Amino acid sequence: MDTLLQAVLLSEQGRITRINAAASRLWGVTQARAAGRPVLEVVRRHTLEALTERGGELELEVGGRTLRCAATRDGAAAALIVEDITEHRRREAELREATAVLSHEFRTPVTALRGVLEALEYDMPRELSQNFVRQGLQETGRLARLVEDLAVGFRPTRARTLPLAEAFARAERLLDSELIARGARLSFGPDHLVRADPDKLLQVLLNLIENALKYGPPGQEIEVQTAARGTWAEVCVLDHGPPIPDTDSLFQAHTRGAGATGQGSGMGLYIVRSVVHGWGGQAWAARIDGRNAFCFTLPGVGGMG
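Now the structure itself:
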């Protein structure tokens, strides 16, 4: 019994006969002191005492933890089993959150693609039809990116050593059409070797650079600065957008800046911080030299000059 992760309490005629090590830790009482005492004195909750008497199952929220409780009876003898399912419930909540975000994000490109296909059913000048095709290809690219984001969020990490320049080149290729449309330019700082999942690193870069494109003025230069910070590499995406008040709140789920326009789930920076925290780094925003800077750190493997 003492090797079980679940807390187990055995009783007879309402008095405890045995608790295991997990139960001792949960209720803060030694097995010796628990033996012979009424169930209520140890569990300190009438709901658990009643559950032990009648049998059945229930869930309890106790001190920020979620406990799944089950009790069985055999005559005067009873067993109460309590399992901490806090982590399980957290993962379920994350899955619901991801599903809600993806449902929202898929809706826009799917609607746009439907409109493009419906327009192409009709005869129109070649130049106009080519314009619709280009729009359709852009929306297809967005859908492909969303599918990639889904895979990145749920598959195990595939961390490896790579130069930052590799991730920068991938991001620049994927954002090429948006850069042209906005008349924007990208510049990158010195290369560094880092240890990360390449797809998750790309996801972070795309979120930050797309935000700079979306909320900064057209024709701007977006600078991606890099620096070595001890055993870590620091990456900052700087844009010429207006100052942002309360930048830390932007990293919360479903939060957008006060001046944000158009559609958006408010999840981009939340996802950035979640991914960065996953590899042990930090993500933050600041105002540097009159520009907005969205920065993160990741494990470094020494500079490349």
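Numbering follows UniProt numbering, in which position 77 of the sequence shown is assigned residue number 77; successive positions increment by one, without gaps.
By construction, the Cβ of each residue, glycine as well, lies at the ideal position given by its N, Cα and C atoms.
Computed from a prediction, not measured in an experiment: that's the story for all the values here.
Residue i: first and last residue of the uninterrupted beta strand (DSSP E) it sits in
i	result
F188	185 to 188
A228	221 to 229
V62	56 to 62
Local conformation of residue i per DSSP, three classes
i	result
Q130	helix
L117	helix
P109	helix
L99	The question names Leu, but residue 99 is Thr in the sequence shown. T99: helix per DSSP, three-state reduction.
L298	strand
D248	helix
W279	coil
A258	Per-residue confidence for A258 stands at a pLDDT of 48, beneath the threshold of 50, marking its modelled position as unreliable; the derived number appears in the next sentence. Looking at A258 - three-state DSSP - the assignment turns out to be coil, as it is neither helix nor strand.
H240	coil
R158	coil
L4	coil
T30	coil
Q263	Because Q263 carries a pLDDT of 46, less than 50, the predicted location of this residue cannot be relied on, and the following value inherits that uncertainty. Coil at Q263, not helix or strand.
G141	helix
V50	Looking at the sequence provided, one finds Ala at residue 50 rather than Val. Helix.
Y122	coil
G136	helix
A171	helix
A35	coil
Limits of the alpha helix (DSSP H) - the one that residue i falls within
i	result
V204	198 to 215
I85	No alpha helix (DSSP H) contains I85, which DSSP labels as neither H nor E.
D176	176 to 182
L40	39 to 43
Cβ-heavy atom distance, residue i to the ligand MG, below 6 Å
i	result
G28	As presented, the structure is devoid of all ligands, the ligand MG included, so that no description of it is given.
One or two residues paired with residue i in a DSSP bridge
i	result
I19	L9
D74	A77
W284	C295
L193	P163
V235	T226, F296
T66	E61
Proximity of residue i and residue j at Cβ, strictly below 7 Å
i	j	result
G300	A233	yes
T66	I85	yes
A79	E12	no
Q130	G189	no
F296	G280	no
**Message:** Count Cβ pairs between the stretch 62 to 71 and the stretch 43 to 54 that sit closer than 8 Å; are there 3 or more?
**Reply:** These segments touch.
**Asked** With a cut-off of 8 Å, do at least 3 Cβ pairs link the stretch 230 to 245 to the stretch 280 to 294?
**Response** Yes: at least three Cβ pairs fall under 8 Å.
**Asked** If we count Cβ pairs, one from each stretch, closer than 8 Å, do we get three or more for the stretch 268 to 288 versus the stretch 192 to 206?
**Response** Segments in contact, yes.
**Prompt:** Between the stretch 157 to 167 and the stretch 125 to 145, are three or more C-beta pairs nearer than 8 Å?
**Reply:** Between the stretch 157 to 167 and the stretch 125 to 145, the count of Cβ pairs shorter than 8 Å is below three; the stretches do not touch.
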